[in-house]
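In terms of our numbering, the sequence shown opens at residue 13 and continues consecutively.
Backbone N, C-alpha and C fix where the C-beta goes; we use that ideal spot for every residue, glycine too.
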Amino acid sequence: MANKFFLHGADYNPEQWIKYKDTVWKEDMLRAKEAGINELNVGIFAWSFLEPEDGVYDFSWLDEVMDMLHENGMKAILATPSGARPPWLAEKYPSVLRMDKERKPHVFGGRHNGCVSSPDFQRKVLEINTRLAQRYANHPALYMWHVSNEYNNDCHCPRCQKAFQEWLRARYGTIDNLNDSWWNTFWSHRFTSFEQVESPTTPSWLGECESPNHNLAWRRFCSDNLIKFFQMECEPLRKYTPHIPITTNLMQTFPGIDYFAQGRVMDVSSWDNYPQWRGDERDVDISYDASFKHDLMRGVGGQKPFLMMESCPGAVNWGGVNTLPPPGTVLYQGLQAIAHGSDSVQYFQFRAGRGGSEQFHGSVLPPDGSADTRAFREVTEVSSALEKLQPACGSVTRNQIALVYDWPNRWALDYAWMAHRGNQKYEDTVRAHHTALVSAGYGVDMIDQLCDLTPYKAVIAPMVYLLRDGFAERLTRFAENGGLVYLTYLSGYVNEESLRHVTTPPLEALTGVRTDEIDAYDQGHENSFLWQSKAWPIKEMAQLSTPRGAQVLATYQQQFYQGQPVLTRNTVGSGVCYTLQARVDTDCLTAVLGDLLRQHGVTPLMENLPHGVIATARYGEEGEEFLFLLNSNREDVTVALNGAYTWLGSGEEAQGEIILKAFTVNGFVKK
Ligand code: GAL
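Set out below in structure tokens:
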């Protein structure tokens, strides 16, 4: 979806203010216009107001809200209300409530805790979604669907058990195949029917929770079951409003759902971004982290422009210590999203409620509607900045490097009985590689093991422990055709089902290295290796391996495996595969990856970036090249531009050395 304009909006809950609508709603519209808000997300938790009793619907207030938005020149991202249920629904249809791992049923309350296998829940959601879609199909304010809110799992009720068993039957066909795929002869656990299989439990004495294969299957099922529910929610929307794109707001690396799988069945990726800015030098790491998450969320949407659906224009209230972000943070945070390919800056929420657990959460307006606040002024400032960056709206990224983050692989690592059991740090490791690449000046696309590799020059795949079917072959072909592949320790240990290999591990030919053993370090262990005459520390994990054709570039300096390979290079067709056998810090990754990529002709967006500076690029349909430079330091820095640019907005020329002001996002277009 190529927006014509950047969305600047917020979650808006006018139903909370229905008793004050003559004053508050009117004031909301005035304030929204004053702040340059052009879109509001409505209806997210409004089920009680849309259907106050079973089968009794009242859309009159939403009609008014939609009309009001349109009359005030604003768009609506309209939600389906399944994110929270009204009490009558739980009372009348108790199956809509979840059951936890210990098989205890939940009582009504909270949100995001429905059972998606409940036929009553499914039917009621379908009914209300159908009515919403029919009613607003041709409403001029309707811009996009916001399906539910931050979907999450799991439920262990009898219906979910049944659904799990059906899912297993579809995946494995026969119970024997399931037993073999899970290695169930171990501990005499061979099932004789699918009906015997239950979801994993906690604590362990209650039932099964130790089998990595069983656990992995459960995670896959929960993810698929939620995505199936999401697709069910979309059916009436697609039927009655085929012209309206669909999104659901995601939660970055949330472990419960394979977001790449979900991204493949929605039109636009969107996510909720809540960095905990500190107002000091820690913001550099926070900025790198947000950059990683933006790239990941763009990736799950197939690298198209995405939306930052929520962010806080002040301090959140759910942290232990809710520090105020200093002035300028709202602008930085908003434009950081744009720099990474977002076509929106949106907030939670427009007007804070008077009560409820979010009464003190940062918002564009306080409950009294005052515009004389720092948040309001900063949001207004974002509007002017977005206007200046407008030419970049709808433009796309085009990066040479793909960094792999894969949910099934993450799950398999979470359940792997080895090395740092329960704490393998997959996410941290991928993030460290992302930070290293970005620090070396590269733009990064995040992909999973199913994505197309051909648009890239380099594929960086840390800790690909679980190989999904066909990935090893596709990586090998990518290298043979001239690509650079980079792998690390803990790669290729298990197959799609998390079973170890019965023949030569599939990555051995690609890496040119046989993996022998993995050493997990506690505090007392350390190691190091030399790279470009510098000794780099090794932490936490060291893999022992034997070259099988690869050239050894660096070796361990300590431990009984001193002299064995740390970094290897294997020529594969016209490409190359590097393998790093040990965990190192981000600075080391920046140095090593920077060298390897440069040697292979992979060009950074910018050379010699100062610490804390991030470069990103977006490309327009008419061949425009937009460059964004983010300085997350709390002081000005100087960078050297390679080529002639114009500052977006002021139109001033930018060439050679330029100053990036402290904590700013700077946009340029290439001349
Ligand atoms: C999000 C959620 C919003 C709101 C916000 C508060 O995760 O989608 O509804 O609760 O957090 O930070």
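DSSP three-state label for residue i, please.
i: Ile140; result: helix
i: Glu669; result: strand
i: Pro152; result: coil
i: Ser354; result: strand
i: Ser503; result: coil
i: Gly587; result: strand
i: Ala58; result: coil
i: Gln264; result: coil
i: Pro420; result: helix
i: Arg294; result: coil
i: Ala349; result: helix
i: Ala14; result: With a pLDDT of 47 at Ala14, under the threshold of 50, the modelled position of this residue cannot be trusted; read the value that follows with caution. Reduced to three states, the DSSP call for Ala14 is coil.
i: Ala629; result: strand
i: Met475; result: coil
i: Leu465; result: coil
i: Arg686; result: With the chain represented from 13 up to 683, any question about residue 686 goes unanswered, as that position is not in the structure.
i: Gln28; result: helix
i: Pro99; result: helix
i: Val408; result: strand
i: Leu377; result: strand
i: Pro131; result: helix
i: Tyr427; result: coil
i: Ala532; result: strand
From the DSSP output, which residues share a beta bridge with residue i?
i: Tyr359; result: Ala22
i: Ser557; result: Thr527
i: Pro212; result: None; Pro212 has no bridge partner.
i: Glu51; result: Gly21 and Lys87
i: Val108; result: Its beta-bridge partners do not exist; DSSP assigns none.
i: Met11; result: Absent from the model: residue 11. The displayed extent of the chain is 13 to 683, so no value can be given.
i: Thr650; result: Ile671
i: Gln570; result: Partner(s): none; Gln570 has no beta bridge.
i: Phe680; result: Leu639 and Trp659
i: Ala547; result: Leu542
i: Trp217; result: Looking at the DSSP assignment, Trp217 forms no beta bridge with any residue, so it has no partner.
i: Arg581; result: Gln563 and Tyr590
i: Val68; result: Glu65
i: Ala498; result: The question names Ala, but residue 498 is Tyr in the sequence shown. According to DSSP, Tyr498 bridges with Ile472 and Tyr590.
i: Arg512; result: Val506
i: Thr259; result: His158
If you follow the beta strand (DSSP E) that residue i is part of, which residue opens it and which one closes it?
i: Leu398; result: From DSSP, Leu398 is part of no beta strand (DSSP E) but of the alpha helix (DSSP H) over Arg386 to Leu401.
i: Glu2; result: Residue 2 lies beyond the residue range present for the chain, which begins at 13 and ends at 683; the question has no answer from this structure.
i: Ile239; result: Per DSSP, Ile239 belongs to no beta strand (DSSP E); it is in the alpha helix (DSSP H), Pro224 to Tyr252.
i: Ile459; result: Val456 to Ile459
Name the two residues that bound the continuous alpha helix (DSSP H) containing residue i.
i: Ile413; result: No alpha helix (DSSP H) contains Ile413, which is instead part of the beta strand (DSSP E) from Ile413 to Val416.
i: Tyr271; result: Tyr271 to Gly275
i: Asn189; result: Ile187 to Trp194
i: Ala484; result: Phe483 to Glu492
i: Arg610; result: Thr598 to Gln611
i: Asp440; result: Tyr438 to Ser451
i: Gln726; result: Nothing can be reported for residue 726, as the shown portion of the chain is limited to 13 through 683.
i: Gln177; result: Pro170 to Tyr184
Could you give the C-beta distance for residue i and residue j, rounded to a whole number, given that I count them as a contact under 8 Å?
i: Gly326; j: Ala387; result: 5 Å
i: Trp73; j: Glu27; result: 6 Å
i: Gly365; j: Glu39; result: With a Cβ gap of about 15 Å, Gly365 and Glu39 do not count as contacting.
i: Ala404; j: Leu660; result: 7 Å
i: Val3; j: Val625; result: Any question about residue 3 goes unanswered here, given that the chain covers just 13 to 683.
i: Glu390; j: Phe360; result: Contact doesn't hold; Cβ gap of about 15 Å is too wide.
i: Asn50; j: Leu19; result: 6 Å
i: Tyr417; j: Asp460; result: 7 Å
Is residue i close to chain C? Criterion is C-beta to C-beta, closer than 8 Å.
i: Thr92; result: In the displayed structure, chain C is absent; only one protein chain is listed.
Tell me whether residue i, by its Cβ, gets closer than 7 Å to a heavy atom of the ligand FAD.
i: His373; result: Inclusion of the ligand FAD in the displayed structure is not the case, the ligand content consisting of the ligand GAL alone.
The segment 491-508 touching the segment 633-647, judged by at least three CB pairs closer than 8 Å: Output reads no: the segment 633-647 does not touch the segment 491-508.
Contact between the segment 246-263 and the segment 182-194 is defined here as three or more beta-carbon pairs at a separation below 8 Å; is this criterion met? Output reads no: the segment 182-194 does not touch the segment 246-263.
Under 8 Å, with one C-beta from each stretch per pair, do the segment 88-102 and the segment 59-66 reach the 3-pair mark? Here the segment 88-102 makes contact with the segment 59-66; the two share three or more CB pairs at distances below 8 Å.
Does the structure place the segment 72-91 close enough to the segment 102-121 that three or more beta carbon pairs sit under 8 Å? Segments in contact, no.
Contact between the segment 294-304 and the segment 164-184: three or more CB pairs below 8 Å? No, because fewer than three Cβ pairs between the segment 294-304 and the segment 164-184 fall closer than 8 Å, the two stretches do not touch.
Give a yes or no on contact between the segment 363-377 and the segment 408-424, applying the rule of three or more CB pairs nearer than 8 Å. Between the segment 363-377 and the segment 408-424, the count of Cβ pairs shorter than 8 Å is below three; the stretches do not touch.
Are at least three pairs of beta-carbons, each pair with one atom in the segment 435-452 and one in the segment 237-249, less than 8 Å apart? Inter-segment contact for the segment 435-452 and the segment 237-249 is absent: fewer than three beta-carbon pairs are separated by less than 8 Å.
Count the C-beta pairs between the segment 535-554 and the segment 512-526 that are closer than 8 Å, then say yes if the count reaches three, no if not. These segments do not touch.
Is it true that the segment 495-510 meets the segment 570-577, where meeting means three or more beta-carbon pairs spaced less than 8 Å apart? Three or more Cβ pairs closer than 8 Å define a contact, and the segment 495-510 falls short of that threshold against the segment 570-577.
Do three or more CB pairs link the segment 232-242 to the segment 157-167 at distances below 8 Å? Flag = yes, the segment 232-242 and the segment 157-167 touch.
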